[in-house]
Amino acid sequence: METFWEAFKRHGVSRRDFIKFATTITGMMGLAPSMVPTVVRAMETKPRVPVIWIHGLECTCCSESFIRSATPLASDVVLSMISLEYDDTLSAAAGEPLEEHRKKIMKEYWGNYILAVEGNPPLGEDGMYCIVAGKPFLEHLKESAEGAKAIIAWGSCASWGCVQAAKPNPTTAVPVDKVITNKPIIKVPGCPPIAEVMTGVVMYMVLFDRIPPLDSQGRPKMFYGNRIHDTCYRRAFFNAGQFVERFDDDAARKGWCLYKMGCRGPTTYNQCGSIRWYNGLSYPIQAGHGCIGCAEKDFWDNGPFYERLTNIPVPKQEADADRVGAVAVATAVGGAIVHGVASKLRNSGKKEG
Amino acid sequence: MKRVVVDPVTRIEGHLRIELIVDEKTGRVKDAVSAGTMWRGIELILKGRDPRDAWAFAQRICGVCTSIHAYASVRCVEDALGIKIPKNANYIRNIMYGTLQAHDHTVHFYHLHALDWVSPVEALKADPVATAVLQNKLLEKYGAISELMPDPLGHRAYPRKFPKATPGYFRAFQEKIKKLVESGQLGIFSAHWWDHPDYKLLPPEVHLMAVAHYLNMLDVQREMFIPQVVFGGKNPHPHYIVGGMMCSISMDNMNAPINAEKLAVVEDAIYTQAEAINLFYLIDLLAIGHIYVQKGWTYGGGLAKRRVLGYGEFPDEPYEDIKGGDYHNKILYHSNGVVEDFAKGVDKAKYHPMVGKDFTDPEVIQEFVAHSWYRYPDESKGLHPWEGITEPNYTGPKEGTKTHWKYLDEQGKYSWLKSPRWRGKPCEVGPLARYIVTYTAVKQGHVKPSWMDEMIVRQIDTVSKVLGLPPHVWLPTTVGRTAARGLEAQVGVAANLYFFKKLIDNIKAGDTTVANMEKWEPQKWPREAKGVGITEAPRGALGHWVHIKEGKIANYQCVVPTTWNGSPRDPMGGQGAFEECMKDTVVKVPEKPVEVLKGIHSFDPCLACSTHLYDTEGREIVEVKVQGGLPAC
C-alpha cells in the first residue's frame, strides 16, 4: 500500500504544499503546533487504511455530512487517505459481488481494517426490522466487527440510539456498544456529527495508528470536551441576562441568548460553537434557533425542545443551568468590578506618575 | 427462467432488495420483486409529542433529502392550527427547498447514478487531449440549455465554476484512477460489473469526462447547500419553526442571523448551484442521454407510461391553508395532478387535478397491506392515512429461513413498504411524474401557466428537439426519468434566484418579519385539529397528515415517494413503479443486471423515507404486535 506522501506526490503535490496540508490537519485535530513534525512523519509512512462502512437503521445524514467536509475534502479522504472498500452509499458495486468483496477485505486485512457503523441494529423481530443481503443487520454488524481494529460509531444512532430508539422504541433499536463489547468503539455523536469532526476523527486514526483519547462516554475528547454554551458567541448575552423571549422579537434581531427558548447549549457537548458548520459559517444558534442537543444521549426524550432547561439529566455538571447562569452572571459582574477597580488604580497611578 | 437477486442495492438511501425473474433466451424481465428491508417507526414515536417539535423528528426520516420532511411537517401543523406564515418566511423556505432540489438531484446524478452509465475502467482508455476537445464540443453543442434559466438578479459577472477543458486536467484524473487500479485498493470502485457490455456504449472520452466530473462535483456539492446553513444553521438537518422561520432579519445589526453579509453568502451559493447545474450536470446529462437514446435505450418507462402523480410546489406568496385549497391557488409549479396514458401522446393523456379536498377525501389516497408485513382486519381494502393501521406481521420468505432468505414470496407478504394507491391504482411519483403532469396541464390548457410552468415546457421542447423524439416517446423511459431530474434541478435554481429577489425587494420595502407567533402557545389552539402538509420531495410527492388533540400529537402519518414507487403489489394485482420499470427492461447478462440497476437508480430510491411507519393507535406500543387502528378523524 502507498503512503500519504506517495499519494500526494502522485497528485503532483509539492513537498511544501504537503507540509502545509499536514500543518492544517494538525490544527484541525486540536494538536499543538509542536506536533507538526510527528504528523508529517506519520503521513510519510502510513499506508491507506481499509474502511468498511455499514448502515443499519438510520437516515444517511452522517454520510451526507461526511461528504460536506471541506478540510480535508471528502474526496481526498476517500481516495487518498483511506480505502473505502465497502459503503452502501458510495460503492459502485451491489449485491453479492459487494458482499463477497467485504468478506475478502476482512480476510486480507484481518485486525487492520476500521469498521465504520452508521445507524444501529434493531433487536426486535429477531433483527428483521433491518435486513441486509437477506440477513439481519445485527448479524452483518457482528460479522463485520469480528476482524476490525476499531469501530467508529457515527452519529447519535450508532452512539446512543437516536430517533428510532426514542420512546417507545418500536423496533428495540440499540447503540453499537450494546451488541459489540470486545472492540474499541469511538463514539462520534451528533445528528449528524459536524463534517470536519468526522474527517478529523478519521485523520487522527489513520495518521497516528491509534484511537483518539476518549472521555468516559467514549467520545474523542478533542471534539466533545466543551459544552456549546461555553464556546457560544452569544454567551456574553447570557452572562448579561439578555434573552430572546419570543422568536423574531427585537432581541432575536440583536442575536441575544436563546436559553429561554429552550436552547440545549448548556448541556450539550459538541463543537458547534467553535468550529461550527461549514468551516465556521454558522450553527443553529447563529441562525436563531436554540440547540436541540442532538449530540447528547436520549435528547429526543428530553423535550419538548422549546421548554426551558430545568431538570434534564446533566452528567458531571455541578448545578442546573439556571444556577450555572446565575453564577456566571455573578462572576461576570464581579470581573467587571475588579476590572473597573484595576483600571481606576492604573489611571490614578498614571496621574501620580 | 432464472431468478436473480440483488441485495443490498447500493448507491441509494436505506435498504432495498430486488429479485428478477429473467427469460435467459430473450433477456426480458418477466417479473420483478422490490422489497423495502427496514422499518423504524418514527410516526409511532411522534405520538403524544408537542406538534411544534414534530419537524425535528420527521426530518430524521431521511438525511439525504434532508429538510423535506421538516418542511412537510411544519406545513401540516400550520394547516391544522390555521397559521399563515409571513412573506419573508415563505421566500426563505422556498429558497431552502429549491436548494435541496438543486443539491439532491446533482448528488444523485453524479454520486448515486453516474456509475451505472460510465466506468472508471473505460476512462483509462481515453485520450486526455481528445477528452479536452470533446468537452469544448459538448459545451458548444448543448450549452444553450443554460439560457432557459431566467436570472432576475443578473449579479454574476461571469461563471466561477466552469468545466476545465485542458488535457492536463483530464490527465490528472486518469492518473489517479490508474494508481488506484495499480495499488489494488480500488475503494468505492471495487467489485462492480465493469465488464458489462453497456459500458461499451459510450466512447472512452465521455467516460473520462464524466468520471472527472463525478470527483469534481463531490467537492462542489457541499457549497450548493450553503443557503440552508445560513437560514437553518446547519446541513444536513437544518432547523425550522412552526409559524415561519427563526432566522430574524436586520439590516442594522450584524448580530442578526440574517444581515446584508449573510444574504451575499446565500446569493453567491445560488450562483454556484446555477453553474454546477448549467455547465456540468446538464451538459453531461445531455451528452450521455443523447448517445443512449440513439443506441436504442428507450425502455424502463413502466408505470410512467400509464399513470403518474404529483402534488405541486413553490407557493409564490403565503397561503391560508392546504386542505381548504388555497395552497394550490398560490403555487408556481403545477405538478398537482394525476396523468394517465401519457405514452399515447400528450393530446390523448387523461388529466385529473389534485387540489386541497383530494387530500382529505378518504377515497383518493389509500394504503394497502396485502403484500406488506402488516396486518389489516380486511386486507382487500385500502385505508386513508387518517384511518390507517400499522400492525407488523412479519412472515418471512418463500425459500430460506426467517432470518436467512433465499427468495421472497411475491404471492404473499414480502416488504416493509405498504402500497399507496390513487383511487385504488398505482402511480409513479418523482421529477418525471411532475414533468408529465405539468406538461400535460399546460398543453391541454388546464392551468394558467406560471413562468415556472413555461420554463418546464420550454425545457421539454428543447430536449425533444435535441433527441429528435416527441416527449411521449423519450420522457417515460429510464433516460427520461434521469433527464427530468436534471431539468428540475435547473428549475430549482431559477426558483432560488426568483425568490431571492423577492426577499430582497420585500426587505427593501421595510418588512423584516420572519415568524408569525400569534398561535405559538398551545393555549391558543383548538382542542382538536387536523392538518395536511404536502410538498414535492426530490424523489416525488410527499404528504404528512397530523391529528392534534389537547395540544399533543394524537396521530401522525407520512405517505412518502419511495413508498409509492417501491411499493409491493396491491390486492388487485397492481404493481409499483420499481417493479413495472424492471419488467420494461431487457438485460444482456442476467446475472449482472446493470440495466435494472440503472432503472432502479433512476428513481433515486430512499428507503428510510418509505419504510418509516404508518400509523397506530394511542396506547403504549412497546409491544407493537397488537395495535388496532384508531380512526384518527
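Protein chains in written order, with our numbering: chain A, 1 to 353; chain B, 1 to 633.
Glycine included, each C-beta is placed from N, C-alpha and C at the ideal position.
If you're wondering where the values come from, they're calculated on a predicted model, not measured in any experiment.
key: Exposed unless 16 or more other CB atoms sit within 10 angstroms - verdict on residue 580 of chain B   = buried
key: Contact set for residue 245 of chain A: own chain, Cβ-Cβ below 7 Å, skip 5 residues either direction   = 251, 260
key: Cβ-Cβ separation, residue 607 of chain B to residue 154 of chain B (assumed contact under 8 Å), whole Å   = Actually they are not in contact, since the Cβ atoms of residue 154 of chain B and residue 607 of chain B sit about 42 Å apart, beyond 8 Å.
ask   = Going by alpha carbons, who is nearest to residue 447 of chain B out of B:112, B:75, B:359, B:332?
value = B:332
Unbroken beta strand (DSSP E) run spanning residue 31 of chain B, endpoints = 29 to 36
key: residue 295 of chain B, buried or exposed, once every other Cβ within 10 Å from all chains shown has been counted against 16   = exposed
request  = Could you check the C-alpha separation between residue 461 of chain B and residue 602 of chain B for me, to the nearest Å?
outcome  = 21 Å
ask   = Is the CB of residue 503 of chain B under 8 Å away from at least one CB in chain A?
value = no
ask   = residue 606 of chain B bridges to which residues according to DSSP?
value = B:13
inquiry  = Suppose contacts are defined by Cβ-Cβ distances below 8 Å. Is residue 359 of chain B in contact with residue 323 of chain B by that definition?
reply    = yes
ask   = For residue 123 of chain A, which three-state DSSP category applies?
value = coil
key: Supposed close pair residue 280 of chain B, residue 150 of chain B - CB separation, criterion 8 Å   = Residue 280 of chain B to residue 150 of chain B, Cβ: 20 Å. No contact.
inquiry  = Give me the DSSP bridge partner(s) of residue 187 of chain A.
reply    = A:153
message = For the beta strand (DSSP E) containing residue 353 of chain B, name the first residue and the last one.
response = 350 to 353
ask   = How should residue 315 of chain B be labelled, buried or exposed, when 16 other C-beta atoms within 10 angstroms of its C-beta is the threshold for buried?
value = buried
query = Over what stretch of residues does the beta strand (DSSP E) that includes residue 87 of chain A continue unbroken?
reply = 82 to 87
Contacts that residue 535 of chain B makes with chain A (C-beta to C-beta distance below 9 Å) = Those within 9 Å of residue 535 of chain B in chain A number zero; the least Cβ separation is about 17 Å.
Residue(s) in a DSSP beta bridge with residue 227 of chain A = A:269
ask   = The alpha helix (DSSP H) with residue 169 of chain B in it runs from where to where?
value = 167 to 183
ask   = Of the residues B:528, B:70, B:106, which one's Cα is nearest the Cα of residue 283 of chain B?
value = B:106
Whole alpha helix (DSSP H) elements within the stretch 226 to 306 of chain A, 4-residue minimum = 228 to 231, 235 to 239, 250 to 253
key: Contacts that residue 247 of chain A makes with chain B (C-beta to C-beta distance below 9 Å)   = 241, 243, 244, 245, 246, 248, 514, 515, 517, 520
request  = Could you tell me whether the Cβ of residue 13 of chain B comes closer than 8 Å to any Cβ of chain A?
outcome  = yes
key: Boundaries (first-last residue) of the beta strand (DSSP E) holding residue 196 of chain A   = From DSSP, residue 196 of chain A is part of no beta strand (DSSP E) but of the alpha helix (DSSP H) over 195 to 208.
message = Please confirm whether residue 38 of chain B has its beta-carbon closer than 8 Å to some beta-carbon of chain A.
response = yes
query = For the stretch 403 to 416 of chain B, which residues have a CB atom closer than 8 Å to at least one CB atom of chain A, in sequence order?
reply = 403, 404, 405, 406, 416
task = Have a look at residue 332 of chain A and residue 268 of chain A and give me their C-alpha separation to the nearest angstrom.
result = For residue 332 of chain A, the predicted structure reports a pLDDT of 41, less than 50, and the residue's modelled location is therefore unreliable. A value from the coordinates is still provided. Straight-line Cα distance between these residues: approximately 22 Å.
request  = Closer than 6 Å by C-beta to residue 91 of chain B: which residues in its own chain qualify, once you throw out the five before and the five after it? Chain order, please.
outcome  = 499, 502, 503
request  = Name, please, each residue of chain A whose Cβ falls closer than 9 Å to the Cβ of residue 62 of chain B.
outcome  = 59, 60, 61
message = Can you check whether the C-beta of residue 496 of chain B is within less than 8 Å of a C-beta belonging to chain A?
response = no
query = At a Cβ threshold of 8 Å, is residue 260 of chain B touching chain A?
reply = no
ask   = How would you list, in chain order, the residues of chain A whose beta-carbon sits under 7 Å from the beta-carbon of residue 188 of chain B?
value = 78, 84, 87, 90, 91, 92
message = Check for me: the beta strand (DSSP E) holding residue 544 of chain B runs from which residue to which?
response = 540 to 549
inquiry  = Three Cβ pairs or more, each shorter than 8 Å: is that satisfied between the stretch 65 to 84 of chain B and the stretch 67 to 80 of chain A?
reply    = no
query = At a cut of 8 Å, does the stretch 572 to 586 of chain B reach the stretch 284 to 303 of chain B through at least three beta carbon pairs?
reply = yes
ask   = Listing by chain order, which chain B residues have their CB less than 8 Å from the CB of residue 126 of chain A?
value = 402, 403
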